[in-house]
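Read through the structure below, which is laid out as C-alpha cells, and then see the notes.
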Amino acid sequence: MIDKTVGTAAEAVSDIPDGASLAVGGFGLSGNPIALIEALLAQGTSDLSIVSNNCGVDDWGLGILLDAKRIRKMTSSYVGENKEFERQFLSGELELELTPQGTLAEKLRAGGSGIAAFYTQTGVGTQVAEGGLPRRYDGVGGIAVASPVKDVRTFEVSGTPHEYVLEEAIVTDFALVHALRGDRHGNLVFNKAARNFNPLAAMAGRVCIAQVEELVEPGELDPDQIHLPGIYVHRIIEVGTDIEKRIERRTVTVVTEGEN
2 MIDKTVGTAA EAVSDIPDGA SLAVGGFGLS GNPIALIEAL LAQGTSDLSI
52 VSNNCGVDDW GLGILLDAKR IRKMTSSYVG ENKEFERQFL SGELELELTP
102 QGTLAEKLRA GGSGIAAFYT QTGVGTQVAE GGLPRRYDGV GGIAVASPVK
152 DVRTFEVSGT PHEYVLEEAI VTDFALVHAL RGDRHGNLVF NKAARNFNPL
202 AAMAGRVCIA QVEELVEPGE LDPDQIHLPG IYVHRIIEVG TDIEKRIERR
252 TVTVVTEGEN
C-alpha cells in the first residue's frame, strides 16, 4: 500500500524552494488550496513563478503571496479583482503571461499528458499569436518584456483551411490543489465548481500536493466517481470540512412587500 498522507500543510510544502514554478488550482475563490498557500507564505518561499487562472484577491488565495511580494511571475487568464496585482504589474514588479482561458487549461492538460505542444485557433490574428503583449513594464510606462511571435500554420479541417497558432504545454515543479475528498492513495473527488482548474493543475505538476476536506481509506471511493487518479498526486493532507471558503461577490435580491 502506498500511503501518500502528510501530517501538516507545512510539512507538505517544506521542500518547495525559492524560484520554484507552481500550478495552483482554483477559479476565482472557488477551489483555492488555501491551507497550502498559507503554509507556503509562512515558510517564506519567494521568487515564485505561478500558473493559475487568476491570483485570488488582495487578502485571500494567491493574493496573500502576491501582497508579500513572493511572486515573480504569473501565468493567468484573468487578472481582475486584485488592486495589488494591478499595481505590481504596472510598476514593473511583476511579470504576467496573459493566456486565453481555454488555452491555459489545455496547456496544463497537455503538460500532464506528455504532449509538448498543440495548435489552436484561439488567438489567431491577435497579439497572442503576433506578439507584443506586455509581460513586464519598465515602471515608467514603457514595455520592458513583450510576448514573442508564435508559429502559425494553416491546416485543412473538414475541407476548409484554417490558421492555427502553436501553444507550448506547461509543466511545473509543483502543483497545489484542493479537493472535497481523497484517499490515502491520492485519488481525488472534487466538489462541483471547485473542480475547475484543480485536476489540470495537478496533472501539470511534477510533484502534486493535494489538500482534501475529507480523507478516506482506499476502496471507499467509488471508482466511477474519481475525478483524478492518484497517479498524479504525490502528497495529501486533510484540512477538514470547516475550512474557510470565501465568496468573491455576494449578490442579493430585494423583494418588496406584495411581490412574489
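Numbering-wise (this note's numbering), the sequence shown opens with residue 2 and increments by one.
Quick reminder that beta carbons are idealized off the backbone N, C-alpha and C, glycines included.
Taking all protein chains shown into account, decide if S53 is buried (16 or more other Cβ within 10 angstroms of its Cβ) or exposed.
Residue 53 sits at position 52 when you count from the first residue of the sequence shown. Buried.
Are A117 and L201 close, meaning C-beta to C-beta below 7 Å?
Counting from 1 along the sequence shown, the entry for residue 117 is found at position 116. Counting from 1 along the sequence shown, the entry for residue 201 is found at position 200. Contact: no.
So, does the region 173-192 touch the region 151-164, judging by three or more C-beta pairs under 8 Å?
Counting Cβ pairs under 8 Å, fewer than three are found: no touch.
Specify the secondary structure class of E218 as computed by DSSP and reduced to three states.
Taking the sequence shown and counting its residues from 1, the one referred to as residue 218 is at position 217. Three-state result, E218: coil.
Just to confirm my understanding: we take I1, look at its own chain, exclude 5 residues before and 5 after, and list those with CB closer than 7 Å. What are they?
Any answer about residue 1 is impossible in this case: the structure gives the chain only from 2 up to 261.
Let's test the definition: count the other Cβ atoms within 10 Å of the Cβ of A13 and tell me whether it reaches 16, buried, or not, exposed.
Here residue 13 refers to the residue found at position 12 when the sequence shown is read from its first residue. The residue is buried, with at least 16 neighbouring Cβ atoms inside 10 Å.
In or out: V256 buried (at least 16 other Cβ within 10 Å) or exposed?
Here residue 256 is taken as the residue at index 255 of the sequence shown, counted from 1. It counts as exposed.
In its own chain, which residues sit with a C-beta less than 8 Å from the C-beta of L134, not counting the 5 before and 5 after it?
Mapped onto the sequence shown, residue 134 falls at position 133. Excluding positions up to five away in sequence, the list reads L99, Q128, A147 and S148.
So, helix, strand or coil for D174, using DSSP?
Indexing the sequence shown from 1 puts residue 174 at position 173. Strand, per DSSP.
Could you check the C-alpha separation between P101 and N199 for me, to the nearest Å?
As a position in the sequence shown, residue 101 is number 100, starting the count at 1. As a position in the sequence shown, residue 199 is number 198, starting the count at 1. Distance between the alpha carbons of P101 and N199 is about 17 Å.
Cβ of F86 less than 7 Å from any chain C Cβ?
Looking for chain C here will not work: only one protein chain is present.
If you compare alpha carbons, which of A145, L23, G8 and I3 is closest to R207?
Residue mapping note: residue 207 aligns to position 206 of the sequence shown, counting from 1. The candidate whose alpha carbon is nearest that of R207 is L23.
T123 to G160, Cα distance in whole Å?
On the sequence shown, residue 123 is found 122 positions in, with the first residue counted as 1. On the sequence shown, residue 160 is found 159 positions in, with the first residue counted as 1. Between T123 and G160, the C-alpha separation is close to 20 Å.
Assuming A180 contacts V213 (C-beta within less than 8 Å), just tell me the rounded distance between them.
Counting from one through the sequence shown, the residue named residue 180 turns up at place 179. Counting from one through the sequence shown, the residue named residue 213 turns up at place 212. Indeed they touch by this definition, with Cβ atoms about 5 Å apart.
Determine the extent of the beta strand (DSSP E) in which R136 is found, giving its start and end residues.
Residue mapping note: residue 136 aligns to position 135 of the sequence shown, counting from 1. Its beta strand (DSSP E) spans residues P135 to Y138.
Would the beta-carbon of H228 fall within 7 Å of that of F191?
Counting from one through the sequence shown, the residue named residue 228 turns up at place 227. Counting from one through the sequence shown, the residue named residue 191 turns up at place 190. Against a cut-off of 7 Å, the Cβ pair of F191 and H228 comes out as a contact.
What number of angstroms, rounded off, separates the C-alpha of D8 from the C-alpha of V217?
Locating residue 8 in the sequence shown gives position 7, where the first residue counts as 1. Locating residue 217 in the sequence shown gives position 216, where the first residue counts as 1. Note on identity: in this sequence residue 8 is Gly, with Asp being the wrong assignment. Answer to the nearest angstrom: the Cα atoms are 15 Å apart.
Kindly give me the distance between the Cβ atoms of L91 and S77, rounded to whole angstroms, as I take these residues to be in contact under 8 Å.
By 1-based counting over the sequence shown, the position of residue 91 is 90. By 1-based counting over the sequence shown, the position of residue 77 is 76. That belief does not hold up - the Cβ atoms of L91 and S77 are roughly 15 Å apart, past 8 Å.
Quick one: is E168 buried, meaning 16 or more other Cβ sit within 10 Å of its Cβ, or exposed?
Position 167 of the sequence shown, counting from 1, holds the residue named residue 168. E168 comes out buried.
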